[in-house]
Every structure is written in structure tokens, then in C-alpha cells.
Amino acid sequence: MNSKLRIAAATVTAALALGVAAPMANAVEASRTPAVSAVQVEAAASPAQMHAIAAALTSRQGETVTAKGAVDPALLETAKDIVAYIKKYLAKEYTKARNAAKKGYAAFVKWVKSLKPENPVRIVLEIGGKKLIEIVIALLKK
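Residues in the sequence shown are numbered consecutively from 654, following the numbering used here.
Quick look at the structure:
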């Protein structure tokens, strides 16, 4: 009887140890602060620049899956703001952007990477991702 009690106690102890140790190991992983890519933005020249950056950041949070072929309205608005910003504040770059958009996705991304790293358009498009770039290309082709 005493040996059965010892075996049961050892089994329960091992189960408790594993039951407590596994969640604690996961808790340590979860409590670590995630790596965040830092983006340094120099002083914005206008409120439109700040609006474009803020719109891109919030559009990623509100992005939802829509019907096949449909575009998320928030993402579309962000893309329209980007095109309007390029037209208004980067007049020289607008023709380059249109030509790159007509050549396709790779050419447009190459144009985006040719902009200075602190350029708000580059920052917003890099944060927005492929879907946002595709919508901007479609708007520039019109």
C-alpha cells in the first residue's frame, strides 16, 4: 500500500510540475516585448503629410476581409490620399510615379525605393504593404 501511495504521489508531482512548468514557459515567451521596427520621421512639412502617415497606420488596423475582388474602403481612401499627396506636393515625382505604375508592380516599387527614406509617401507605402501599393498603382494608371 505504501509503495502504491508513493507511485501515485510521484505521478501527481510530475504531472503538476509539467502542468505548471509548461504554462510558465509559455508565459515567459509571451511576456517578452515584441521587436518593433523603428521608423524615424523628420519634421513633416504640412498637415497633409501627417494625415497620410496617420491614415496608413490606422488603415492597417481596420483592414478587413471583403468579398472577392472588393477593396477595403479604408485602404481605398488611404490610396486616394497618397495619390493626391503625390500630385500636390511631389509634382515632379508624379509623372515618374505614373510611368512606373504603367510599367507594373516591380517598377513602381523600384520608384518607391528611389524616394528618400524620410519621404512620407515611401513610409506610408512600406507600412501599407502590397495591397495598398496595388491600389495606388491602379489609381495612378487612370
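A virtual CB, placed ideally from N, CA and C, is assigned to each residue, including glycine.
query                                                                                              : result
Length of the line joining the Cα atoms of ILE776 and VAL765                                       : 9 Å
Endpoints, alpha helix (DSSP H) assigned at ASP725                                                 : Element bounds for ASP725: n/a, residue is neither H nor E.
Cα-Cα separation between GLY782 and ALA759, rounded to whole angstroms                             : 13 Å
Length of the line joining the Cα atoms of ILE788 and LEU729                                       : 7 Å
Sequence-distant residues of its chain with Cβ nearer than 8 Å to GLU779 (five each side left out) : VAL765
Which of helix, strand or coil DSSP assigns to GLN693                                              : Only weak support is given to the placement of GLN693: the predicted model assigns it a pLDDT of 47, under 50, and the value that follows is read from those uncertain coordinates. Note: GLN693 maps to coil in three-state DSSP.
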